[in-house]
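Protein chains in written order, with numbering that gives the first Met the number 0: chain A, 0 to 362; chain B, 0 to 409.
We put the beta carbon where it would ideally sit given N, CA and C, even for glycine.
No experiment lies behind these values; they were computed from the predicted model shown.
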Amino acid sequence: MIRVSDGKIGAREFFAILYAMMAIRITNSTPNLLLDAGLTAAWAMPLLSAAFLFGPLLLLLPLLKKYNAGLLGLLDTLTGNTVGRLITFAMFVAIFSSTSLNSRNYADIVTTMYYSETSVLLILVVLILGASFYIAHRGLEAIGRTALLVVPVFLLTSVLLVIGVAEQLNILYVFPIAGSGPVELVKNSAAYSAFYGDIILVAILYAHVRTHNAFRKAAIWGLWVPAVKMAVFLAVYVMMFDYPAVMNIAFPYHHLTRMAMLGSLANHVEALFLALWFVGAALHFGIYLYLSAYLLGKVVNYKQFEHLILPLAGTAVVLGMIPDNHLQGELWRMLLLEVSSGMFLLLPVLLWTLDRFRKKAKQ
Amino acid sequence: MTRIGWKLGILLAVLFLAGCGERLELEQQAFVVAIGLDKGEKGNLIKVTFQISNPQVNTSQAAESQTEPPADIVTITAPDLLAAKELAQSSLSRKITFSHLETIIIGEELAKDELFNNVIGSAIIDPEMRREAMMIISKEPAQDFIHANKPTMETRPHKYYAFMEGNWEHTGYVPLSNLNTFYQRTDDELFLAAYASAQSEPEEHEDDDTYLAGEVPQASGDPVQMIGSAILQRGRMVGTLNGEETRFSLLLRRKNLIESMTASFPDPTKEEYRLSVVFSRTENSKIRIDTDRSPAKIDVTVPLKMRINSNLSLQDFTQNKDQQKKLVKSVEERLEKKSDELIEKLQEEYKGEPFVWYAAARKNFWTMKQFEDYGWDRQFAEADVDINFVIEIESFGEQIRPPTLEKDEG
């Protein structure tokens, strides 16, 4: 059945968007942060982080249904206009600064691992101002369709990659099972839960998803599938490179694609993964740019927020060029992660509490 | 229409020009297939030998390059690998690339030097270096080794190394030693690197696998022999293991690295003859380590399948159950005795293990810190090790019973 386009997206598209937002983190320098904190047990951290966020997500879902409005609508009703706008602005800062910091990270990966003679600026311009801007510019429906088109391919190639290296893995390397110790693990998982904070943030798109059920299903799957993928890959990194050598590798995903062998003949398969990875990165930043523009539009009360995408993309490139190298940005990134983790964990709780008070006040 | 034309133009430009950014034509590149590293004469300099494959030889373009040799060998003295790579460009017309580099040969002199840890540690920083490259330690300087290596069957050098590495899985004479595993074991644990030599000093041994590279009694053919392994500890070569010891250190690991291997034993029924059997391992070895007691206790059970494909004494093993039992028992005992000797040697001389048992020991600990405080390698040097081989006879070859010469013996 051909449905007339109504500007809304279904559960599958929404899930694909969430996957494109979160799962690609395993390919940048995120694993290094997690491995530093969790050592051999880094694989447990994505699962713990997702578990931390699962509670707030479950608090948020009934609220969204009750008020039948997106996260921003909820903020407006429950916290009032000014506070709501402040929180919206904070979310914008979190997501936009992560866009520009991460885009630099991706450009550095490309210049380090693949194209050593291309300038960082050129890659940033092509990636952010070219591909990502184009995707974001087409609107949510187009983003959803693009994501639905490529995400199954990503899922399939991830499995293929693990199979390609399976022979070289030693399962015993993931021991000791608690890595840096249970307390450390839990503490750091909470601090880094912002890696999945997107799941709370995308509630701003609630009104653009067809049904509540579609939103709920996609959000739950969209939280756990990327988390499980990250957990599997972190375990694979440790099983492949062993502790402590794994801590010294700058971009483990890209080393893994180099080591992968499909049969005995195809042992230079990284080009295939590079191409797909670049598509994934363009989509990832496209979504981020779209959401940034959406939030900024709400903050400044500008209805045609699509017009903000281009200036934001330009700003992201300029900001991305500020650090001399990606390690300089890393400190900022950790700070950003910790602050936004707190925000994403507490925001649903705050909204839920306010809702309770309202109910009591009414009675 | 003009608006569409403009967009179409951009699209076509993106499609067709995108590949021009960092293009490198095949014929402009010099593919390094092997690197040799040696100690330089002055200070901390190293001698880097590049063996560069000529991609035109043995292809459909061979007619154009009939007089060209299959490989070019260049040696450069420089502070490190990256500098040597650039300096070699002063004489080479094509751009050197490591994208097909699969073999790194290190002269024993450099491997034993303190400098080696720094040289190999810095080599991997170059993103062009691939972690799956094999590490081979040569008895003589790597430069001489590469020059002496003239395999008659393999015109193209990369094929030679690729086929040799394929061989190792079937013989177990040499450990599979790529850079990735080297960086895993740069502390007290022992890393085994393939040992090779192009200098022949033949010896004749009763056991078929107790040779070290260069000692195999071989006449004519390619002078290069690869058998045995170099022991590296804390990123430096500290000793060697012969072919037999190397096989044991591979057998005692949890994961099987040898597909099959042939070894000979004294025949338990007729001591003066030897019996060659083919071993294969289909299951992982079981490793149990008790770290609660002191000294630690290590139990290893190695399951092996045995095929009797040669039988010099012409004894009848196929029909006679007692003979079979006797054979299995004697092989098990011999393997156990040999591995005990190896472990004793490692505990005394090196105080470290090449069996990746540290990974099994990590299982007993809750956090990494506890494991590091325990000091596995110190504990291994004192540990009680109990090795058990469990052998099944899988087949007796293609004869039901040996051809009998004297009727009365049967």
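Relative to the C-alpha of residue i, which residue among the options is closest?
i         : options                                       : result
Arg363(A) : Met333(A), Tyr236(A), Leu57(A) and Ala315(A)  : Outside the modelled stretch of chain A, which goes from 0 to 362, sits residue 363(A), for which no answer is possible.
Leu23(B)  : Gly83(A), His211(A) and Ser115(A)             : Ser115(A)
Gln378(B) : Lys350(B), Glu131(B) and Met367(B)            : Lys350(B)
Ser52(B)  : Ala141(B), Pro156(B) and Glu26(B)             : Pro156(B)
Val355(B) : Ile75(B), Asp37(B) and Lys285(B)              : Lys285(B)
Asp315(B) : Tyr357(B), Phe395(B) and Glu270(B)            : Phe395(B)
Val182(A) : Ala244(A), Glu337(A) and Gly37(A)             : Gly37(A)
Ile176(A) : Met44(A), Leu85(A), Met258(A) and Gln362(A)   : Met44(A)
Gly106(B) : Asn179(B), Thr209(B) and Lys46(B)             : Lys46(B)
Glu203(B) : Ala193(B), Asn43(B) and Glu214(B)             : Glu214(B)
Ala141(B) : Gly227(B), Glu168(B), Ile104(B) and Arg273(B) : Ile104(B)
Ala430(A) : Tyr191(A), His306(A) and Ala280(A)            : Only positions 0 to 362 of chain A appear in this structure, which leaves residue 430(A) out of reach.
Pro244(B) : Glu335(B), Thr300(B) and Leu303(B)            : The question names Pro, yet the displayed sequence has Glu at residue 244(B). Checked all of Glu335(B), Thr300(B) and Leu303(B); the closest Cα to Glu244(B) is Glu335(B).
Leu58(A)  : Asp354(A), Gln362(A) and Ser99(A)             : Asp354(A)
Leu60(A)  : Ala19(A), Ala130(A), Ala165(A) and Lys216(A)  : Lys216(A)
Ala87(B)  : Glu258(B), Gln27(B), Ala212(B) and Ile72(B)   : Ile72(B)
Tyr373(B) : Asp289(B), Ala192(B) and Lys38(B)             : Asp289(B)
Leu81(B)  : Pro54(B), Ser98(B), Ala70(B) and Ile124(B)    : Ile124(B)
Arg427(B) : Asn43(B), Arg280(B) and Ala229(B)             : What is shown of chain B runs 0 to 409, which leaves residue 427(B) out entirely.
Ser199(B) : Ser219(B), Ser309(B), Asn116(B) and Arg333(B) : Ser219(B)
Ile34(B)  : Pro150(B), Thr180(B), Asn117(B) and Phe49(B)  : Phe49(B)
From what residue to what residue does the beta strand (DSSP E) around residue i run?
i         : result
Met260(A) : Note, Met260(A): premise wrong, no beta strand (DSSP E); not H, not E.
Asn255(B) : Neither: Asn255(B) is in no beta strand (DSSP E) and is coded neither H nor E.
Gln224(B) : Gln224 to Gln232
Thr366(B) : Run containing Thr366(B): none; DSSP gives neither H nor E here.
Val201(A) : Neither: Val201(A) is in no beta strand (DSSP E) and is coded neither H nor E.
Arg235(B) : Arg235 to Leu240
Using the DSSP secondary-structure output, state which residues sit across from residue i in a beta bridge.
i         : result
Arg273(B) : Pro265(B)
Leu303(B) : Ile390(B)
Lys94(B)  : Gln28(B)
Ile105(B) : Leu36(B) and Ile136(B)
Asp385(B) : Asp298(B)
Gln412(B) : Any property of residue 412(B) remains undetermined from this structure, which presents chain B solely from 0 to 409.
Phe49(B)  : Ile34(B) and Val73(B)
Ile8(A)   : Val208(A)
Asn177(B) : Met133(B)
Ser279(B) : Ser259(B) and Lys304(B)
For residue i, report the span of its alpha helix (DSSP H) as first-last.
i         : result
Arg215(A) : His211 to Phe240
Asp289(B) : Looking at the DSSP string, Asp289(B) is not in any alpha helix (DSSP H); the run it does join, the beta strand (DSSP E), is Lys285 to Asp289.
Ile145(B) : Ala141 to Ala147
Leu126(A) : From DSSP, Leu126(A) is part of no alpha helix (DSSP H); its letter is neither H nor E.
Met112(A) : Premise fails: Met112(A) is in no alpha helix (DSSP H) and is neither H nor E.
His325(A) : His325 to Lys361
Ile124(B) : Counting along the chain, Ile124(B) falls outside any alpha helix (DSSP H), and DSSP gives it neither H nor E.
Val317(A) : Ile308 to Gly319
Pro353(B) : Taken as a continuous stretch (DSSP letters only), Pro353(B) belongs to no alpha helix (DSSP H), as it is neither H nor E.
Tyr160(B) : Pro156 to Thr170
Gly374(B) : Careful: Gly374(B) lies outside any alpha helix (DSSP H) and carries neither H nor E.
Leu100(B) : From DSSP, Leu100(B) is part of no alpha helix (DSSP H); its letter is neither H nor E.
Tyr289(A) : Glu269 to Val298
Leu81(B)  : Leu80 to Ala87
Quick check: is any heavy atom of the ligand ATP less than 7 Å from the C-beta of residue i?
i         : result
Asn363(B) : Absence of the ligand ATP is noted for the structure shown, with no ligands found whatsoever.
Where are the beta strand (DSSP E) runs, 3 residues long or more, that stay fully inside the region 8–46 of chain B, in chain order? 28–38
Proximal residues, the region 178–198 of chain B versus chain A, C-beta separation under 7 Å: Asn179, Tyr182 and Gln183
Residues of the region 7–23 of chain B with Cβ closer than 8 Å to any Cβ of chain A, in chain order: Gly20 and Glu21
Using a Cβ-Cβ cut-off of less than 9 Å, give me the residues of the region 175–194 of chain A that come near chain B, in sequence order. Pro175, Ile176, Ala177, Gly178, Ser179, Gly180, Pro181 and Glu183
Any chance you could list the beta strand (DSSP E) runs of at least 3 consecutive residues sitting entirely within the region 189–225 of chain B, in chain order? 190–196
Proximal residues, the region 263–290 of chain B versus chain A, C-beta separation under 8 Å: none
Short-range partners of chain A found in the region 109–139 of chain B, where Cβ spacing is below 7 Å: Pro126, Arg129, Arg130 and Glu131
If we require 3 or more residues per run, which beta strand (DSSP E) segments fall completely within the region 144–201 of chain A? none
What ranges does the alpha helix (DSSP H) occupy inside the region 35–91 of chain A, keeping only unbroken runs of at least 4 residues that lie completely in it? 43–66 and 70–78
Check distances from the C-beta atoms of the region 251–280 of chain A to those of chain B and list, in chain order, the residues that come in under 7 Å. His254, Arg257 and Met258
Counting only Cβ-Cβ distances shorter than 8 Å, please list the residues of the region 98–117 of chain A near chain B, keeping chain order. Thr111, Met112, Tyr114, Ser115, Glu116 and Thr117
Residues in the region 32–66 of chain A with C-beta within 7 Å of chain B's C-beta atoms, listed in sequence order? Leu38 and Thr39
Determine which residues of the region 72–90 of chain B have a Cβ less than 7 Å from any Cβ of chain A, and write them out in chain order. none
By the 8 Å beta-carbon criterion, what residues does the region 332–361 of chain B contribute toward chain A? Val355, Ala358, Ala359 and Arg361
So if I threshold CB-CB distances at 9 Å, which residues from the region 214–244 of chain A count as touching chain B? Met239, Phe240, Asp241, Tyr242, Pro243 and Ala244
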